[in-house]
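Numbering (this note's numbering), first residue to last: 2 to 351. Just so it is clear, CB atoms sit at the ideal spot from N, CA and C, and this is done for glycine as well. For clarity, every value in this text was computed on a predicted model and none was experimentally measured.
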């Protein structure tokens, strides 16, 4: 989610994975999701004993997993968020039902679930539900979540690019504290005054928020990405320096490399500090050069082959010519031997 939005995700895996989960998405937070204009609540249930014969024989509608989308008004109360600021006129109810059905089917499709009414073993009839072709005109959209993830990482990178030493220290300490801490504890750990603390908090307001005295990251994705950045580096500041320059690197990548590229390729390039170049070779030809800014092959750290394997998958998913990547030159910093130069086809098997 973005700053200024409030969404809620509740995962209850007490009995089994996916036992009773829900996501509440108010109307102010749904604009990145195609085709959705109203706030919705998604719920999915997974009984502890799926298809238990006793439950099936008893006609229990929850004998099989369920997935539903619903529209709700109402004020913030208890565990519920106010999902919509306006009601839907009765005359527009059919449009609302179509939007809910469309979003429900798209979420299933994005998760890799077949959505044909007669898909084998997917939709099970019960006393509340009978699978049949929809009479409504339903549009299917591409999964927006990869691009949303890249946008979130871009926000992280841009915030890091402007961060000073005290802000970096605060991020490091929050990661060390598990993602959140009381503000007084954080000030004591950092050894800073209240004014310095508030200046750092203001500078990091795209990444960090304070609620009722508890400081934490605005979302778990930011926490996960920062934890990975610090863990990747032998000395955290070195990797942060790479991240702080990542915006400029990504923006300066050759347009013919990342033009219409998938989110996965952009993410891979930003994660490892990759620069693409087209270099002249003997005979007037050109060859792709991949420069990896991150230090690789540390003990217990990422290996060159693993990084290139991920890059190969992202390159392929972006629809790029495979031979261009496989034949590319690779330059990287080895933790033991320093700057190294090799070819992709010498490091991975495709």
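Identify the continuous beta strand (DSSP E) that holds residue i and give its terminal residues.
{"i": "residue 91", "result": "No beta strand (DSSP E) contains residue 91, which DSSP labels as neither H nor E."}
{"i": "residue 20", "result": "Premise fails: residue 20 is in no beta strand (DSSP E) and is neither H nor E."}
{"i": "residue 209", "result": "209–212"}
{"i": "residue 42", "result": "41–46"}
{"i": "residue 1", "result": "The question about residue 1 has no answer, for the chain in this structure spans 2 to 351."}
{"i": "residue 215", "result": "215–218"}
Go to residue i, then tell me how far its alpha helix (DSSP H) extends in each direction, as first and last residue.
{"i": "residue 169", "result": "166–177"}
{"i": "residue 130", "result": "No alpha helix (DSSP H) contains residue 130, which DSSP labels as neither H nor E."}
{"i": "residue 324", "result": "323–327"}
For residue i, which residues does DSSP report across the bridge?
{"i": "residue 297", "result": "335"}
{"i": "residue 65", "result": "Partner(s): none; residue 65 has no beta bridge."}
{"i": "residue 9", "result": "25"}
{"i": "residue 281", "result": "287"}
{"i": "residue 181", "result": "217"}
Using a Cβ-Cβ cut-off of 6 Å (strictly less than) and excluding sequence neighbours within five positions of residue i, which residues of its own chain qualify?
{"i": "residue 70", "result": "41, 43, 101, 104 and 105"}
{"i": "residue 21", "result": "13 and 46"}
{"i": "residue 68", "result": "45"}
{"i": "residue 312", "result": "269"}
{"i": "residue 10", "result": "24"}
{"i": "residue 280", "result": "288 and 290"}
Would you kindly check if the distance between the Cβ of residue j and the Cβ of residue i is under 7 Å?
{"i": "residue 351", "j": "residue 331", "result": "no"}
{"i": "residue 303", "j": "residue 309", "result": "no"}
{"i": "residue 99", "j": "residue 137", "result": "yes"}
{"i": "residue 146", "j": "residue 183", "result": "no"}
{"i": "residue 174", "j": "residue 191", "result": "yes"}
{"i": "residue 142", "j": "residue 132", "result": "no"}
{"i": "residue 180", "j": "residue 217", "result": "yes"}
Under the assumption that residue i contacts residue j (Cβ atoms under 8 Å), give the Cβ distance between them as a whole number of angstroms.
{"i": "residue 202", "j": "residue 209", "result": "6 Å"}
{"i": "residue 107", "j": "residue 36", "result": "7 Å"}
{"i": "residue 97", "j": "residue 72", "result": "6 Å"}
{"i": "residue 205", "j": "residue 164", "result": "7 Å"}
For residue i, I'd like the list of residues in its chain whose CB is within less than 7 Å of its CB, leaving aside the five on either flank, ordered along the chain.
{"i": "residue 333", "result": "293, 297, 305 and 341"}
{"i": "residue 129", "result": "62"}
{"i": "residue 33", "result": "145 and 149"}
{"i": "residue 197", "result": "167"}
{"i": "residue 140", "result": "36 and 103"}
Which residues in the same chain as residue i place their Cβ atom closer than 8 Å to its Cβ, once the five residues preceding and following it in sequence are excluded?
{"i": "residue 66", "result": "19, 45, 46, 47, 48 and 51"}
{"i": "residue 74", "result": "83, 84, 85 and 88"}
{"i": "residue 329", "result": "288, 289, 290, 291, 344 and 345"}
{"i": "residue 8", "result": "2, 24, 25, 26, 27, 30 and 82"}
Under a CB-based cut-off of 7 Å, is residue i close to chain B?
{"i": "residue 327", "result": "This model lacks chain B altogether; it includes just one protein chain."}
CB of residue i to nearest heavy atom of the ligand SAH: below 6 Å?
{"i": "residue 17", "result": "As presented, the structure is devoid of all ligands, the ligand SAH included, so that no description of it is given."}
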